[in-house]
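Taken in order, the sequence shown gives residues 110 to 432; the numbers are from the numbering used here. Glycine included, C-beta positions come from ideal geometry on N, C-alpha and C. Reviewing the structure listed below.
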Amino acid sequence: MTGIWLFFAPVTTRQLSNTLFSMKNSDSLDDLAIFHAVVREGGFRAASRRLGLAPSKVSSTIARMEAALGVPLLRRTTRSMATTDAGQALAERIGPLLAGLDAARAEAAETAELVRGRLKLNVPGAVMPDVLPPFLAVFHARHPEVEVEIVVENGIVDIVEAGCDAGIRYDEVLAQDMVSIPIGPRKQQVALAASPDYLAAHGTPQTPQDLIKHQAIRYRLPGGPLLPWQLVEDGRTITIEPIPRLILGVNAINSGLSFARANIGIIATFRNWLEEDFAAGALLPVLRERWAARTGPRLYYPSRHAPRPLRAFIEVCQDHHEG
110 MTGIWLFFAP VTTRQLSNTL FSMKNSDSLD DLAIFHAVVR EGGFRAASRR LGLAPSKVSS
170 TIARMEAALG VPLLRRTTRS MATTDAGQAL AERIGPLLAG LDAARAEAAE TAELVRGRLK
230 LNVPGAVMPD VLPPFLAVFH ARHPEVEVEI VVENGIVDIV EAGCDAGIRY DEVLAQDMVS
290 IPIGPRKQQV ALAASPDYLA AHGTPQTPQD LIKHQAIRYR LPGGPLLPWQ LVEDGRTITI
350 EPIPRLILGV NAINSGLSFA RANIGIIATF RNWLEEDFAA GALLPVLRER WAARTGPRLY
410 YPSRHAPRPL RAFIEVCQDH HEG
């Protein structure tokens with residue numbers, strides 16, 4: 110008797126909500142969408158065409174819902190279909206919900222390119238003055254929601270252990286599980302320079318071997334050797350080891366030009382760092398025709414799945430490469 114009463118008794122929307130919440134069918138949301146389509150389209154066949162489902166699938170879904178709820182949702186005849194009071198109440202309640210879900214899906218699709226989160230890079234000081242800033246400017250313009258942290262270190266670093274997403278290095282021997290791509294110039298020329306006063310006092314070197322007699326400003330790797338000076342002679346690359354007047358850790362690489370301007374000695378550094386001093390006459394080129402080139406920096410990262418902010422930064426690097 111109770112079951113018959115439930116079948117015919119009026120059902121409030123609150124009762125429907127409570128009953129729907131208790132439904133154990135894992136596909137209940139899909140069932141609701143099918144039911145709503147039947148009501149909206151005015152029939153099973155129209156709904157099946159709209160949804161791309163077989164009419165039998167639509168009919169069996171409605172029957173399963175009615176059995177689970179214990180109330181009829183639709184009145185069917187061979188010629189017509191109409192909602193019961195319970196069915197109409199249900200349709201009115203779920204209509205805004207399904208519309209909201211459709212809007213949420215559309216919004217998610219529209220914002221698929223919105224990248225949020227954090228990007229942590231481990232880089233050497235050499236890329237800080239001019240290589241990295243243009244890439245970060247483009248990256249921030251595209252993805253303003255990403256926070257970028259830069260850790261400046263010049264030694265060999267395990268970026269995974271250091272908690273970094275990626276690193277940048279020159280001539281780095283990378284682990285097998287790392288992938289690397291160029292970032293910035295593919296080649297960089299290493300130039301020699303000195304102040305006019307220094308050259309006036311000590312003379313201008315005419316050959317690579319003359320450098321051994323001069324005072325040099327040199328850089329040392331962390332806990333390692335001095336960076337060698339490499340020049341081109343007779344079509345081959347040679348290494349010169351001048352006697353240092355001043356040794357700087359590579360962490361102070363940005364300060365080296367200040368000591369060269371102060372007449373302390375000859376410095377070897379990237380040519381692009383010297384252009385302003387050459388133009389102003391603060392420093393003069395030394396053995397210009399012998400300057401060697403080296404490969405540019407590379408961005409490297411683990412070969413496994415990269416987080417979305419890193420993938421977005423990789424895209425910037427690939428879109429704005431230099432020759």
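Spatial distance of PRO314 from LEU320 (CA atoms):
6 angstroms
Beta-carbon within less than 6 angstroms of VAL341's beta-carbon, same chain only, minus the 5 sequence neighbours each way: which residues are those?
ARG399 and ALA401
I'd like to check one pair, PRO331 with THR348: are the Cβ atoms closer than 8 angstroms?
Not closer than 8 angstroms, so no.
Would you be able to state if there are at least three C-beta pairs under 8 angstroms between the stretch 227 to 236 and the stretch 187 to 206?
no
Suppose you measure from the CA of THR187 to the CA of ARG251; what does that come to, to the nearest Å?
Each residue's alpha carbon lies about 59 angstroms from the other.
Does ALA302 pass the burial test, meaning 16 or more other C-beta atoms within 10 Å, or should it be called exposed?
buried
Using 8 angstroms as the cut-off, can you tell me whether the stretch 180 to 194 makes contact with the stretch 370 to 381, which would need three or more C-beta pairs spanning the two stretches below that distance?
no
Which of helix, strand or coil DSSP assigns to ALA391:
coil
Let me confirm a value: LEU223 is counted as buried when at least 16 other C-beta atoms fall within 10 Å, else exposed. Which label applies?
Flag for LEU223 reads exposed.
When you compare each of GLY151, GLN324 and GLY344 to LEU355 by their alpha carbons, which one comes out closest?
GLN324
Would you call GLN297 buried or exposed, if buried means 16 or more other Cβ atoms sit within 10 Å of its Cβ?
buried
What ranges does the beta strand (DSSP E) occupy inside the stretch 157 to 191, keeping only unbroken runs of at least 3 residues that lie completely in it?
183 to 185
GLY272 and TYR409 closer than 8 angstroms at C-beta:
no
Among LEU138, ILE362 and PRO181, which one has its Cα closest to the Cα of PHE327?
Strictly speaking, residue 327 in this sequence is Arg, with Phe absent from that position. Of the candidates LEU138, ILE362 and PRO181, the one whose C-alpha sits nearest the C-alpha of ARG327 is ILE362.
Apart from the five residues just before and just after VAL440, which ones in its own chain have a Cβ nearer than 8 angstroms to its Cβ?
Look at the range of the chain in this structure, 110 to 432, and you will see that residue 440 is not part of it.
Confirm, please, whether the CB-CB distance from GLY390 to PRO305 is below 8 angstroms.
Taking 8 angstroms as the Cβ cut-off, PRO305 and GLY390 qualify as a contacting pair.
Euclidean distance between Cα positions of HIS429 and PHE244
HIS429 and PHE244: Cα-Cα distance of roughly 8 angstroms.
Measuring alpha carbon to alpha carbon, tell me which of ALA310, TYR279 and ALA208 ends up nearest PRO406.
TYR279
For LEU206, count neighbouring C-beta atoms within 10 Å of its own C-beta (all shown protein chains included) and say buried if the count is 16 or more, exposed if not.
exposed
Helix, strand or coil: how does DSSP classify LEU340 here?
Assigned with DSSP and collapsed to three states, LEU340 falls in strand.
Exposed or buried, which one is THR404 when buried takes at least 16 other CB atoms within 10 Å?
exposed
Considering only DSSP beta bridges, list what GLU256 is partnered with.
ARG227
Three-state class that DSSP yields for ILE352 in the structure shown
In the three-state scheme derived from DSSP, where H, G and I count as helix and E and B as strand, ILE352 is classed as coil.
Identity of the residue in ALA369, VAL288 and GLY152 nearest ARG420 by Cα:
VAL288
To the nearest angstrom, how far is the alpha carbon of GLU256 from that of PRO291?
23 angstroms
Does the beta-carbon distance from VAL266 to PRO411 come in below 8 angstroms?
The Cβ atoms of VAL266 and PRO411 lie no closer than 8 angstroms to each other.
State the DSSP-derived secondary structure class of ARG420, mapped to helix, strand or coil.
helix
For THR346, is the classification buried or exposed, using 16 other Cβ atoms within 10 angstroms of its Cβ as the cut-off for buried?
THR346 counts as exposed, since fewer than 16 other C-beta atoms from the protein chains shown sit within 10 angstroms of its C-beta.
Over what stretch of residues does the alpha helix (DSSP H) that includes TYR307 continue unbroken?
305 to 311
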